[in-house]
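So the protein lines, in turn, are chains A and B.
Going by this note's numbering, the letters in the first sequence line up with residues 162 to 948, in that order.
Going by this note's numbering, the letters in the second sequence line up with residues 1122 to 1364, in that order.
To start, the structure under review is shown below, and the notes come after it.
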Amino acid sequence: MKPLQRKLLRELLRLKGQMLAVAAVVACGISVFVSMSSVQYSLEASRARYYSRYRFADVFMQVKRAPEFYLETVRRIAGVASVNSRIVADVTLDVPGLDEPATGRLVSIPDYRTPVLNDLFIRSGRYIDPGKPEEVIVSKPFLEANRLAPGDHLTAVINGRKKELLIVGMGLSPEYIYEVQPGAFFPDKRRFGVIWMSRRALESAFDMSGAFNDLSLTLAHGVSEKDVIMQLDNLFSRYGSLGAYGRSEQLSDRFIADEIKQVGIQITFLPGVFLAVAVFLLNIVLRRLVATQRDQIAVLKAMGYSNEDVGIHYLGFAMIPTAVGAVVGTALGAWLGRGLMNIYADFYNFAELVYTFRFENVALAVLLSFTAALVGALGAVRKAVSLPPAEAMRPDSPVIYKPGILDRASLRRKIPVSIKIIVRNLERRPWKASITVLMISLAVAILIAGRYTYDSVDRMVQVEFAEKHREDVTLIFNNPKPPSVAYTIASLKGVLEHEYYREEPVRMRFSHRFRRISIKGMQSAEGLQRLVDKNGRQFALPPDGIVLTSALADILGVRPGDRLQLEFLQGRQLHREVLVGAVIEEILGLSAYMNLDQLNRLAGDGGVLNAAYLRIDQSKAGALYTTFKKMPGVAGIMMLKALKESFEELIAKSMTTSTLILTSFACVLAFAVVYNGARISLSERARELSSLRVLGMSKGEISFILLGEQALLTLCAIPVGFTIGIALSALLAHALSSELYRMPLVFSAYNFLFAFTVIVIVSLVSGLAVHRRLSGLDLVEVLKTRE
Amino acid sequence: MLGNPLDNGHESVLKISDLSKSYLMGEVRVEALKHVSLDFYSGELAVLLGASGSGKSTLINIIGGLDTPSSGSLFFHGREITAATETELTAYRRRSIGFVFQFYNLISSLSALENVQLVTEIAEDPMPPQDALRLVGLEHRLNHFPAQLSGGEQQRVAIARAVAKRPELLLCDEPTGALDFQTGKLVLDVIEKVNRELGTTTLIITHNASIAGMADRVVRLSSGEISEDRRNLTRLSPSELVW
């Protein structure tokens, strides 16, 4: 090994605390980058593989009932590659071991296995026997959540009749990667499942021979989805079409697409912050190193080492810790990525979720970190290179102090000298002080933003499950019911309150923009369901006009006061105009609300109801559930409490992990910045502090001067960090919000307290580490050597 | 060159003509050298005397290619050093110049041997580093770090480091400045030995007039100008010096 390399290694070892801090920050940034980009790639690749292997459709449509021969017409639409018709129906299930009723979505499959669109992946068990109509294949999450397996039985209420089903296989489909009950937003694995059943069995059960109610198709390459959708809508309007839609409106695909997008945001944002801090740390550490080694640089140059030799030598001080950070970060990232994929596997049901660790990601990470190292080292290395050797022989020119704020006559006498030293030091290099404050505040900000998601989801749960919805049970009818259904339900023992709504599919149009959506006709907004915005404010239902969620209003480009065209998709398919009465910022989804009577009037029928919200007497719940389990005409049952629990369980797992990661990374960041700041101050001021000791100051007093400066910087950084944290959270909320949900911007006092406490503890620990070195200061040695 | 009383019959190694240097120190302009002209000859041991601030360090830095003059020229074996590029200066220092500093300027993270290797690594025809350390009497301290060596030992390592490359010119800037009398003499002994045994042209700058006795030639600088340039009739051995 060459002497210069040996010098590099030994001095790195001497600076190990500071260098490890740099390496740790780089490692955090790289691990986020590597894990997130691997996760993003893995999700994308798994989805693409799943979709192509199991022929996920491009366009979907639900109709009331259309004749099978009509498929020929669909096939003739230019650009349609393949078509598949199915019968799909939602039914109530009686699941062994589950008191409450569950909801099953029955999906028809060919009696004999042939390749179809949205095909089934049979995880275990087998395909159905065409001769046995009771055989079914059931979705994996539902079976697992209910501890069922092929060979077990299920009871379904199909068209008013109880039917015993035999589970023969456990399956998955690209259509239900995110498996959620229609109308719900979050998966409730125990109470909702997909059941694949023989087409013939469903035809006879639902009286659908020679007909279908669900259409999916794939498009030839380069065909306009919009054109095909328009033709389908024209063709099927008389068959009660709810409007065709592409993948972007298919709930499962939408969730995954949004998830992949969010991962992408994290790839850019977090590593960016960490690498910026690494740049800053390398900058201050190397500048200090070059300053203390002026004479060594001079002697190297005097001996004939070229500027490049010297430059490369000092660049090594940046490159080696960065390389260590990159290696550790890559390993950590690979491990974290695998862990994250396991969490995703809980949320999303892929046939196979393959974790792919890509060399490209590592290469990019290494490139990024070395670029950061280069940028961080640039200033110091340039200084080392450009230092004329003769000048380097001389000590650095003395720092010029000028009278500052403390030197006003009125203040001068009252302030102790130690405070003056602290303030002058900060005044002398205001830029360095500001950047240090900024870096510490970034750590505070990451803590705030990390816990913000907690607060936000908390608010989400509060609004959705307590303020907006106050019912216990939602009964969704399989067919629109006349208003008289209320009498039947009211007569059920244990029903305390009941409220109904109508859900009417329409196409909303405003100038050239349009959107397919269901309008919810509500009896009132003060009963079991309320209109509550993301901040918890309650809205009244205007007597006239429609209420749109802000996301929907944005898509259509409307504001309150505009007049919106409504094209009813069912019944008499009337075209109407309605006033936009209000826009409400809801947390979930896209919705439109209207007074039930007004909706009935606009639809031009006598008025129908699609679902009931019930508040029930918990002591009679058991009996009521039994009734619901055999009640005809019910397509789905949702339990608010169960939904909430399953949501919390799901979120808790993923959020605890991500918050833990963020919190630890923020701690690393804070420690690295505070510790390095103090170490550099110590190195810059060792002579001065020793002189003070020689003059009679105690260890405590000089500690106060050194650590007081750090404490002051940290204290300044906390409010700045809070502000940046809030801004960062707002940015995150904006970036992570989608059509599916908007994250409310809320901060609990606990969040700030937590960030404050973490930073204070981290600062104390790093202060203590530096204090130990301060005690070990060799007074004589320090005074003897030349600075 | 014939006829020059200081010629001594040797070839001129270094030719300095009309050299001036001024620089800014903080907010003050310092006129370090004013129109200095001098020649140094092969094998010569010269002492540059001067009080602090007389410009002697500036002169030696310019001779060593560490600094550039504000005006004037400097020729080394007929090659103009003052017109050299940065790369040429680096090569000049690497090949031809050995430096010894007042504060030794050893790399504290490298051992004595490694400090010498620092030079032998990049020199063209160096002596083995062990030989260089033997020359200064430190063959038994090879693996000691600067912090484990006394001041005199550190300076001897620095001398070993400077001569290991077999330079044509050895420049010593206050080599005894940080040392006590006895140790200082020991170090001068080593410098004298190098000059005598290797024939290296040697320039010692010092404010200590007693050292002048060991030189072939004494040049006195004051306020950036040459105030005296004389030749000693006999060279004293460093052990005979007294201060």
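Note that the Cβ used here is the ideal one computed from N, Cα and C, for glycine as well.
Please read all numbers here as calculations on a predicted model, not as lab measurements.
Beta-carbon contacts of residue i that lie in its chain and below 6 angstroms, excluding the five residues immediately before and after
| i | result |
| --- | --- |
| L304 of chain A | M331 |
| P550 of chain A | A459, K462 and A463 |
| D313 of chain A | I328 |
| G765 of chain A | R733 and L735 |
| D752 of chain A | Correcting the residue type first, residue 752 of chain A is Ser in the shown sequence and not Asp. The answer, listed in chain order, is T710. |
Closer than 9 angstroms to chain B by CB, residue i
| i | result |
| --- | --- |
| E172 of chain A | yes |
| Q179 of chain A | no |
| Y475 of chain A | no |
| P482 of chain A | no |
| Y466 of chain A | yes |
| Q201 of chain A | no |
| R175 of chain A | yes |
| A551 of chain A | yes |
| K544 of chain A | no |
| A463 of chain A | yes |
Classification of residue i by the beta-carbon crowding that lies within 10 angstroms, buried from 16 upward
| i | result |
| --- | --- |
| T597 of chain A | buried |
| R449 of chain A | buried |
| G937 of chain A | exposed |
| K301 of chain A | buried |
| A888 of chain A | exposed |
| V739 of chain A | buried |
| V605 of chain A | buried |
| N121 of chain A | An answer regarding residue 121 of chain A cannot be provided, because it is not within the stretch 162 to 948 covered by chain A. |
| E1207 of chain B | exposed |
| T918 of chain A | exposed |
| D694 of chain A | buried |
| D168 of chain A | Correcting the residue type first, residue 168 of chain A is Lys in the shown sequence and not Asp. When all chains shown are included, K168 of chain A counts as buried. |
9 angstroms Cβ cutoff, residue i in contact with chain A
| i | result |
| --- | --- |
| K1286 of chain B | yes |
| I1218 of chain B | yes |
| L1231 of chain B | yes |
| R1243 of chain B | Looking at the sequence provided, one finds Ile at residue 1243 of chain B rather than Arg. Yes - at least one Cβ of chain A is within 9 angstroms of the one on I1243 of chain B. |
| Y1162 of chain B | no |
| N1226 of chain B | yes |
| A1253 of chain B | no |
| Q1276 of chain B | no |
| Q1269 of chain B | no |
| F1222 of chain B | yes |
| L1239 of chain B | yes |
| N1329 of chain B | no |
| N1125 of chain B | Residue placement at N1125 of chain B cannot be trusted, given a pLDDT of 45 that sits under 50; what the coordinates show is reported in the next sentence. With 9 angstroms as the cut-off, N1125 of chain B does not count as an interface residue toward chain A. |
| E1235 of chain B | yes |
Sequence-distant residues of its chain with Cβ nearer than 7 angstroms to residue i (five each side left out)
| i | result |
| --- | --- |
| S844 of chain A | R449 and T453 |
| P1126 of chain B | Its pLDDT being 43, under 50, P1126 of chain B is placed unreliably by the model, and nothing is read from it. |
| M1248 of chain B | A1285 and R1287 |
| S955 of chain A | The first residue shown for chain A is 162 and the last is 948, placing residue 955 of chain A beyond what the model contains. |
Chain-order list of residues whose beta-carbon lies under 8 angstroms from that of residue i (same chain, five-residue window excluded)
| i | result |
| --- | --- |
| G742 of chain A | P703, D705, G706, I707, V708 and P721 |
| V424 of chain A | M197, V200, Q201 and L204 |
Cross-chain neighbours of residue i in chain D, by beta carbon under 9 angstroms
| i | result |
| --- | --- |
| E1207 of chain B | Of the protein chains in this structure, namely A and B, none is chain D. |
### Interfacial residues, the region 1169-1187 of chain B to chain A, with Cβ spacing under 7 angstroms
N1182, G1185 and L1187
#### Entry: contact_flag[the region 395-415 of chain A, the region 243-259 of chain A] where n(CB pairs < 8 angstroms) is 3 or more
No contact exists between the region 395-415 of chain A and the region 243-259 of chain A.
### Given 8 angstroms, three or more beta-carbon pairs between the region 1220-1229 of chain B and the region 1284-1298 of chain B
yes
#### Entry: Contact residues within the region 878-895 of chain A, judged by C-beta distance below 8 angstroms to chain B
none
### Task
Indicate whether the contact test is met: 3 or more Cβ pairs, each with one atom in the region 893-913 of chain A and one in the region 828-841 of chain A, closer than 8 angstroms.
no
### Query
Does the count of Cβ pairs from the region 1299-1311 of chain B and the region 1343-1363 of chain B closer than 8 angstroms reach three?
yes
#### Entry: Three or more C-beta pairs below 8 angstroms linking the region 1331-1344 of chain B and the region 1267-1286 of chain B
When Cβ pairs closer than 8 angstroms are counted between the two stretches, the region 1331-1344 of chain B is seen not to touch the region 1267-1286 of chain B, the count staying below three.
### Interface positions of the region 575-590 of chain A facing chain B (Cβ-Cβ less than 8 angstroms), listed along the chain
none
### Task
Pair every Cβ in the region 505-524 of chain A with every Cβ in the region 182-190 of chain A, then say whether three or more of these pairs are closer than 8 angstroms.
no
#### Entry: Cβ contact (3+ pairs, closer than 8 angstroms) linking the region 470-479 of chain A and the region 858-867 of chain A
no
### Message
For the structure I just gave you, are there three or more beta carbon pairs, one from the region 211-228 of chain A and one from the region 353-361 of chain A, closer than 8 angstroms?
### Response
no
### Task
Scan the region 399-419 of chain A for residues whose Cβ lies nearer than 8 angstroms to a Cβ of chain B and list them as they occur along the chain.
none
### Query
Quick one, which residues of the region 1291-1318 of chain B are near chain A if we go by CB-CB under 7 angstroms, in chain order?
none
### Query
Just checking, does the region 834-844 of chain A make contact with the region 922-932 of chain A on the three C-beta pairs under 8 angstroms criterion?
yes
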